[in-house]
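Visitor: Numbered according to this note's numbering, the sequence shown spans residues 1 to 463.
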Amino acid sequence: SKGALQTKLLRDVEQIQGLATTLFQFVPAAVLTILVAIVATAIRAPWFLLFFLGTVPAAVILISILRRPIRDRNSAFRQQLEEMAASLIEMIQLIPVTRAHGAQQTEMERIDGKLVTVKEAAVRLDSINAITDSSSWVTLRLFSLVCLITSAWLVYTKQWAITVGDVVLLTGYFDSLTNSIVQILAVLPQIGKGFESIRSVGEILECPDLERNPGKIALQQVRGEFTFESVSYQYPDTEQFAIQDFCLQVNPGETIAIVGPSGAGKSTLLSLIIGFMAPTTGRVLLDGTDMSSLDLQTYRKFLSVVSQETILFEGTVRENIVYGSQQLDEEQLIKAIQDANALEFIQELPSGLDTLIGENGAKLSGGQRQRLAIARALIRNPRVLVLDEATSSLDTASEALIQEALEHLMENRTTFVVAHRLSTIRKADRIVVMERGHIVEVGNHPQLLEKEGTYTQLHSLQI
């Protein structure tokens, strides 16, 4: 989820930074102190090392047993933080809907429950850390007392050649030794959190990458011929195929419209075309080459996508339009803006092309955001177009102008159009009608109406 990724990128990376600081600043100093204490004791009273060897490991083992639950608590707490972050992001995104339905109190109670759960988990974790740290300190102080009593007894009984000065020396070294161990044990919770964060970030780094582009064919040009050979796709942990036995030959420059009810597999097909997913079975060929053998990054330089959900970032109008494109002059930019029917409203903005549009274009209307996305697609001069409800956010007047611009853009370019409003795809070269992942009809608008099949039923519902 977005919240989990945000937590991994922010909190977990910060924890890893803290781990690095601890390992390279505090731990080396403590280890050096331990070594000095051992060497000095070995020189002055080597036989007393036997006492160190018996007591220090015993203390470490005892403290390790006390700290055993902390790792599991760290892992559970990290997962709860990720869930809370996801809930907070969801709450922020749903603010308009929440206000519209007067559900602020319900939403606050839902989030409050998750916050209380995280708070209780944090209190439990901190309590365990505090108890363990205190137990560690008491344990080591007891061993220091044992060291003092033992060395004093040896002086009193005169069993070994040990003086009062040696007692002070050995007790001091033992304190240095135990204090260094206490310092290491004190930072163990931070070290534990750091290693848990490493495991968390590793979940991302170890995810199988769909695009293993190194060593694959880099495209220098694209004609736009697509061949779908018995393509099927099944999402993980599902039993049904989203697309099954999909066969289609698409010629360069052809416009293919894809229609069908919700759940027919239209969005899945677009993801396969873009290369976001690979077929479970079958092949998708681009210009006669299996897409699985292509460097998809080079392929996407010849691809433009206008999706149903317009995605803009916090920046200027200019930055959003030229995103992903390089070496553009002002004339190309203005031409794309004009073709997208966006010039008029951009000129009315306070700073024109340099106007800040807010997060996800919050300062623009839905139609204006969609037209910026269309301008972004136009400026790339692609060979393959993917239009997923590209005119869905436009009013009737703007839609007519944009549709005209898109028709001009689609000339001699392979275009895949997904549309629920069938009036926008009447001029498509072919219309592919899908149901439950299967092709049920193929033809142009007049041909499909003559068949009086699924397309005719969909068309009649919109008349």
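Here a beta-carbon is modelled for each residue, glycine too, at the ideal position from N, C-alpha and C.
Please determine if the region 121 to 138 and the region 14 to 28 are in contact, where contact requires at least 3 C-beta pairs separated by less than 8 Å.
Guide: Segments in contact, no.
Visitor: According to DSSP, is L53 part of a helix, a strand, or is it coil?
Guide: Your numbering for residue 53 matches position 53 in the sequence shown. If DSSP states are grouped into helix, strand and coil, L53 belongs with the helices.
Visitor: Taking only the alpha-carbon atoms, compute the straight-line gap between E196 and V138 and give it to the nearest angstrom.
Guide: Walking along the sequence shown from the start, residue 196 turns up at place 196. Walking along the sequence shown from the start, residue 138 turns up at place 138. Approximately 27 Å between the Cα atoms of the pair.
Visitor: For a test of the three-state rule: what should DSSP assign to V36, helix, strand or coil?
Guide: In the sequence shown, residue 36 corresponds to position 36, counting from 1. If DSSP states are grouped into helix, strand and coil, V36 belongs with the helices.
Visitor: Taking the straight line between their C-alpha atoms, what separation do you get for I357 and S262?
Guide: Numbered from 1 along the sequence shown, position 357 holds the residue referred to as residue 357. Numbered from 1 along the sequence shown, position 262 holds the residue referred to as residue 262. Cα-Cα distance, rounded: 32 Å.
Visitor: By DSSP, does A264 sit in helix, in strand, or in coil?
Guide: Taking the sequence shown and counting its residues from 1, one reaches residue 264 at position 264. In this structure, A264 counts as coil in the three-state DSSP scheme.
Visitor: Roughly how many angstroms separate the alpha carbons of N74 and E82, rounded to a whole number?
Guide: Here residue 74 refers to the residue found at position 74 of the sequence shown. Here residue 82 refers to the residue found at position 82 of the sequence shown. Each residue's Cα considered, the two are about 12 Å apart.
Visitor: Should N341 be labelled buried (16 or more other beta-carbon atoms within 10 Å of its own) or exposed?
Guide: Your numbering for residue 341 matches position 341 in the sequence shown. Buried is the call here.
Visitor: Here's the rule I'm using: 16 or more other beta-carbon atoms within 10 Å means buried, otherwise exposed. How should V231 be labelled?
Guide: Translated into the one-based positions of the sequence shown, residue 231 becomes position 231. Flag for V231 reads buried.
Visitor: In whole angstroms, what is the alpha-carbon distance linking F174 and S144?
Guide: Translated into the one-based positions of the sequence shown, residue 174 becomes position 174. Translated into the one-based positions of the sequence shown, residue 144 becomes position 144. Whole-angstrom Cα-Cα distance: 7 Å.
Visitor: Per DSSP, which residues does Y233 bridge with? Please list them.
Guide: Working through the sequence shown from its first residue, we reach residue 233 at position 233. In the DSSP output, where bridge partners are listed per residue, Y233 has I243.
Visitor: Compare the Cα-Cα distances from I337 to each of R369, Q327, N129 and F313 and report the closest residue.
Guide: Here residue 337 refers to the residue found at position 337 of the sequence shown. Checking every option, the nearest Cα to that of I337 belongs to R369.
Visitor: Rounded to a whole number of angstroms, what is the C-alpha to C-alpha distance between E314 and K451?
Guide: Here residue 314 is taken as the residue at index 314 of the sequence shown, counted from 1. Here residue 451 is taken as the residue at index 451 of the sequence shown, counted from 1. Rounded to the nearest angstrom, the two C-alpha atoms are 48 Å apart.
Visitor: Considering only their Cβ atoms, is the gap separating N320 from G352 smaller than 9 Å?
Guide: Numbered from 1 along the sequence shown, position 352 holds the residue referred to as residue 352. Numbered from 1 along the sequence shown, position 320 holds the residue referred to as residue 320. Not a contact, by the Cβ cut-off of 9 Å.
Visitor: With 16 as the cutoff for other CB atoms within 10 Å, does L299 come out buried or exposed?
Guide: Within the sequence shown, the letter at position 299 stands for residue 299. Going by the sequence as given, residue 299 is Tyr instead of Leu. Buried, since its Cβ has 16 or more Cβ neighbours within 10 Å.
Visitor: Taking the beta carbon of I477 as the centre, do at least 16 other beta carbons fall within 10 Å, making it buried, or is it exposed?
Guide: The first residue shown for the chain is 1 and the last is 463, placing residue 477 beyond what the model contains.
Visitor: Check whether the region 363 to 377 touches the region 211 to 223, counting contact only when three or more Cβ pairs, one atom from each stretch, lie closer than 8 Å.
Guide: No: the two stretches stay apart, fewer than three of their Cβ pairs being nearer than 8 Å.
Visitor: In the DSSP assignment, what are the bridge partners of I217?
Guide: Here residue 217 refers to the residue found at position 217 of the sequence shown. Paired residues: L294.
Visitor: Give a yes or no on contact between the region 31 to 51 and the region 106 to 115, applying the rule of three or more CB pairs nearer than 8 Å.
Guide: Touching, no, given that fewer than three Cβ pairs across the two stretches are closer than 8 Å.
Visitor: In the DSSP assignment, find the beta strand (DSSP E) that holds R283 and state where it starts and stops.
Guide: What you label residue 283 is simply residue 283 of the sequence shown in a count that begins at 1. T281 to L286 is the span of the beta strand (DSSP E), which, as asked, contains R283.
Visitor: Should V432 and V305 be called a contact, given that it needs their Cβ atoms to be closer than 9 Å?
Guide: Reading the sequence shown from its first residue, position 432 is the one you call residue 432. Reading the sequence shown from its first residue, position 305 is the one you call residue 305. Their beta carbons are not under 9 Å apart, which means V432 does not touch V305 by this criterion.
Visitor: A257 lies in the alpha helix (DSSP H); which residues open and close that run?
Guide: Locating residue 257 in the sequence shown gives position 257, where the first residue counts as 1. Element bounds for A257: not the alpha helix (DSSP H) but the beta strand (DSSP E), T255 to V259.
Visitor: Restricting to Cα atoms, I'd like to know which of R199, T238, P28 and L270 is closest to A419.
Guide: Residue 419 sits at position 419 when you count from the first residue of the sequence shown. Per the Cα distances, L270.
Visitor: Do V442 and L248 have their CB atoms nearer than 9 Å?
Guide: Position 442 of the sequence shown holds residue 442. Position 248 of the sequence shown holds residue 248. Closer than 9 Å, so yes.
Visitor: What is the residue span of the beta strand (DSSP E) that H438 lies within?
Guide: As a working note, residue 438 is residue 438 in the sequence shown. H438 to G443 is the extent of the beta strand (DSSP E) around H438.
Visitor: Using the C-alpha atoms, what's the distance from Q462 back to L422?
Guide: Walking along the sequence shown from the start, residue 422 turns up at place 422. Walking along the sequence shown from the start, residue 462 turns up at place 462. Cα to Cα, L422 sits roughly 8 Å from Q462.
Visitor: Quick check for students: name the residue ranges of the alpha helix (DSSP H) that lie wholly in the region 338 to 405, counting only runs of 4 or more.
Guide: Listed in chain order, they are 343 to 347 and 366 to 379.
Visitor: My output table needs one value for I70: the three-state DSSP class, helix, strand or coil.
Guide: Residue 70 sits at position 70 when you count from the first residue of the sequence shown. Helix, per DSSP.
Visitor: Just how far apart, CA to CA, sit F228 and R430?
Guide: Sequence index remark: in the sequence shown, residue 228 carries index 228 (1-based). Sequence index remark: in the sequence shown, residue 430 carries index 430 (1-based). Distance between the alpha carbons of F228 and R430 is about 15 Å.
Visitor: Take the Cβ of Q517 as the centre, count every other Cβ of all protein chains shown within 10 Å, and call the residue buried at 16 or more, exposed below.
Guide: Because residue 517 is not part of the residues shown, which for the chain are 1 to 463, the question remains open.
Visitor: Does the distance from the C-beta atom of V187 to that of F26 stay below 9 Å?
Guide: The sequence position of residue 187 within the sequence shown is 187, counting from 1. The sequence position of residue 26 within the sequence shown is 26, counting from 1. Yes, the Cβ-Cβ distance between V187 and F26 is below 9 Å.
Visitor: Let me know if A58 comes out buried or exposed under the rule of 16 or more other beta-carbons within 10 Å of its beta-carbon.
Guide: Here residue 58 refers to the residue found at position 58 of the sequence shown. By the neighbour-count rule (16 or more Cβ atoms within 10 Å), A58 is not buried but exposed.
Visitor: May I ask you to report which of helix, strand or coil DSSP gives I149?
Guide: As a working note, residue 149 is residue 149 in the sequence shown. Reduced to three states, the DSSP call for I149 is helix.
Visitor: Checking the sheet assignment: what are the DSSP bridge partners for F303?
Guide: Residue 303 sits at position 303 when you count from the first residue of the sequence shown. According to the sequence as given, residue 303 is Leu; it is not Phe. Beta-bridge pairing links L303 to V384.
Visitor: Since I34 and S180 should fall inside the 8 Å C-beta cutoff, what is the C-beta to C-beta distance between them, to a whole number of angstroms?
Guide: Here residue 34 is taken as the residue at index 34 of the sequence shown, counted from 1. Here residue 180 is taken as the residue at index 180 of the sequence shown, counted from 1. About 5 Å; that satisfies the 8 Å criterion.
Visitor: From the DSSP secondary-structure annotation, give me the bridge partner or partners of E432.
Guide: For this step, residue 432 is matched to residue 432 along the sequence shown. The displayed chain sequence assigns Val, not Glu, to residue 432. BP columns for V432 point to I258 and V442.
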